[in-house]
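Chemist:
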Amino acid sequence: MELDQRYWNDRYLNNTAKWDLGQISTPIKEYVDGITNKNVKILIPGAGNSYEAEYLHKIGFSDITVIDIASEPLLNLESRLPKSHNLKLIKEDFFNHQGNYDLIIEQTFLCALELRFRESYPIKMSDLLNSNGILAGVLFTIDKNRSEPPFGGTMEEYRKLFEPLFKIETLEPCYNSVPDRKNKEVFIQFKKK
Ligand SMILES: C[S@@+](CC[C@H](N)C(=O)[O-])C[C@H]1O[C@@H](n2cnc3c(N)ncnc32)[C@H](O)[C@@H]1O
């Protein structure tokens with residue numbers, strides 16, 4: 050099975066987007082609530098319906114870019130935003146995206162990618178970040194050997210994967226997960242080296 054644009058778009062159209070929380074997740078909300086500089090350049094890749102982007106916009110962040118390979122969630126997001134919004138909603142493969150950001154928010158994106166992309170992901174994230182830029186969010190610690198996403202990993206695997214390119218500032222069990230994800234995810238804050 051190829052996890053391509055059609056696969057993801059169909060999951061939204063068939064109402065099988067089980068990962069969709071219908072609202073911003075608590076760990077991401079608490080994290081962004083603590084950021085005082087509302088002008089940081091933010092990227093949310095594999096954003097889906099991105100209640101995160103909607104919330105960031107609502108609380109005054111001024112530079113938000115959202116990428117998804119599937120059009121359906123981007124249309125959904127657009128329909129929920131005010132007409133005059135200035136978010137950049139881009140239908141594109143993350144690995145083709147060019148840009149430079151201060152903060153990239155991860156939520157159920159790495160786990161959506163086939164395992165063959167594991168090494169490319171930190172490299173691309175580092176390329177897209179400004180110096181001292183931050184990759185922050187949540188990563189699943191469920192099993193990675195599954196026939197379909199989500200593909201998880203262990204804290205040790207994540208440490209090894211990111212350490213060459215990032216300073217691991219936070220990599221710890223997430224204390225404020227939504228109930229369904231309790232004890233199944235870690236919070237990360239990695240600073241580009
Ligand atoms: C499991 S969903 C998570 C969506 C969102 N982050 C959330 O938490 O609701 C994974 C998302 O990544 C998108 N995606 C998968 N591969 C992608 C790629 N190579 N580039 C950009 N988006 C991708 C899918 O279309 C899907 O919306």
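Sequential numbering of the sequence shown, starting at 50, is according to our numbering. Positions of the beta carbon are idealized from the N, C-alpha and C atoms, including for glycine.
Compute the minimum distance between the beta carbon of aspartate 117 and the heavy atoms of ligand 1, and state whether it is under 6 Å.
Modeler: Under cutoff, so the answer is yes.
Chemist: What is the DSSP secondary structure of glutamate 121, counted as helix, strand or coil?
Modeler: Three-state result, glutamate 121: helix.
Chemist: With three or more C-beta pairs closer than 8 Å as the rule, is the stretch 77 to 96 touching the stretch 149 to 160?
Modeler: Touching, yes.
Chemist: Any chance the CB of proline 122 is under 6 Å from a heavy atom of ligand 1?
Modeler: Yes - ligand 1 has a heavy atom lying nearer than 6 Å to the Cβ of proline 122.
Chemist: For proline 222, list the residues DSSP reports as bridge partners.
Modeler: Val235, per the DSSP bridge assignment.
Chemist: Does ligand 1 have even one heavy atom less than 6 Å from the beta-carbon of isoleucine 69?
Modeler: One detail in the question is off: residue 69 reads as aspartate in this sequence, not isoleucine. Result yes, Cβ under 6 Å from ligand 1.
Chemist: Which residues in the same chain have their Cβ closer than 7 Å to the Cβ of aspartate 142, if we skip the five residues on either side of it in sequence?
Modeler: Result list for aspartate 142: Ile118, in chain order.
Chemist: Heavy atom of ligand 1 less than 6 Å from the Cβ of glycine 95, yes or no?
Modeler: Yes.
Chemist: In whole angstroms, what is the alpha-carbon distance linking asparagine 194 and arginine 60?
Modeler: Roughly 21 Å separates the two Cα atoms.
Chemist: When the Cα atoms are used, what is the spatial distance from threonine 65 to asparagine 58?
Modeler: So the two alpha carbons sit approximately 10 Å from each other.
Chemist: Cα separation between isoleucine 237 and aspartate 82?
Modeler: Cα-Cα distance, rounded: 16 Å.
Chemist: Is any heavy atom in ligand 1 found nearer than 6 Å to the beta carbon of phenylalanine 9?
Modeler: Any property of residue 9 remains undetermined from this structure, which presents the chain solely from 50 to 242.
Chemist: To which residues does DSSP link proline 131 through a beta bridge?
Modeler: DSSP output for proline 131 lists no bridge partner at all.
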